[in-house]
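Taking it in order: structure first as structure tokens, then the write-up.
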């Protein structure tokens, strides 16, 4: 899913 | 979380701690570009607005809070607390030449035309070039203290390690983000010249000094 893209990265 | 990502994050954390310790112990911000540090504060502020909208993990949240917080402490040190030691005469890079094009690009090339997404994209693009005022300062004064070199090496390594992380994630998780990867490549390439100087000089006990 797009929303989970890079958001877990800093 | 893979090893490249973890070591990258630790390298980023180490860079920030090295910089703060250098300033605090020497009571001086000599050789540090206040402009680069302002850009980093903008980078963290615009990227981590998702602190308010989504929760990933304790690790994720605490790192974000730490990065934002320390970036403001650093800016405060340079422009207030240790201001007399700030070398503004050599910190003359025109940051508007970075912010304006990067802002325009984030507006035009993004994953989704929404406020948070555009700010995130702006942050990714800005981070890739935010070190330029610092590198410009080093080339202008023709030297960098060893501790400043260690800071730059740790900071540059972080994004290089993220590149390995993205290669890993592409193969094992099918994860791929073109914006982050291109910006990460640009960012790492900007450090190449410095990496060369660091390996050939600083690691052999010499400080970086460029011919006039």
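Protein chains in written order, with our numbering: chain A, 295 to 304; chain B, -6 to 205. Think of the CB as a built atom: it goes at the ideal place given N, C-alpha and C, for glycine as much as any other residue.
{"Asked": "Could you tell me whether any Cβ in chain A is nearer than 8 Å to the Cβ of residue 2 (chain B)?", "Found": "yes"}
{"Asked": "For residue 58 (chain B), would you say it is in contact with chain A, using Cβ-to-Cβ distances shorter than 8 Å as the test?", "Found": "no"}
{"Asked": "Buried or exposed for residue 120 (chain B), going by 16 or more other Cβ atoms inside 10 Å?", "Found": "buried"}
{"Asked": "Name the DSSP beta bridge partners of residue 136 (chain B), please?", "Found": "B:202"}
{"Asked": "Tell me whether the beta-carbon of residue 137 (chain B) lies closer than 8 Å to the beta-carbon of residue 200 (chain B).", "Found": "yes"}
{"Asked": "Cutting at 8 Å between CB atoms, please list the residues of its own chain near residue 48 (chain B), excluding the five before and the five after it.", "Found": "54"}
{"Asked": "How about residue 55 (chain B): is its C-beta nearer than 8 Å to some C-beta of chain A?", "Found": "no"}
{"Asked": "Check distances from the C-beta atoms of the segment 22 to 53 of chain B to those of chain A and list, in chain order, the residues that come in under 7 Å.", "Found": "43, 47, 49, 53"}
{"Asked": "Which ranges would you report for the alpha helix (DSSP H) in the segment 68 to 119 of chain B if only whole runs of at least 4 residues count?", "Found": "89 to 101"}
{"Asked": "Quick one: Cα of residue -2 (chain B) to Cα of residue 7 (chain B), how far?", "Found": "14 Å"}
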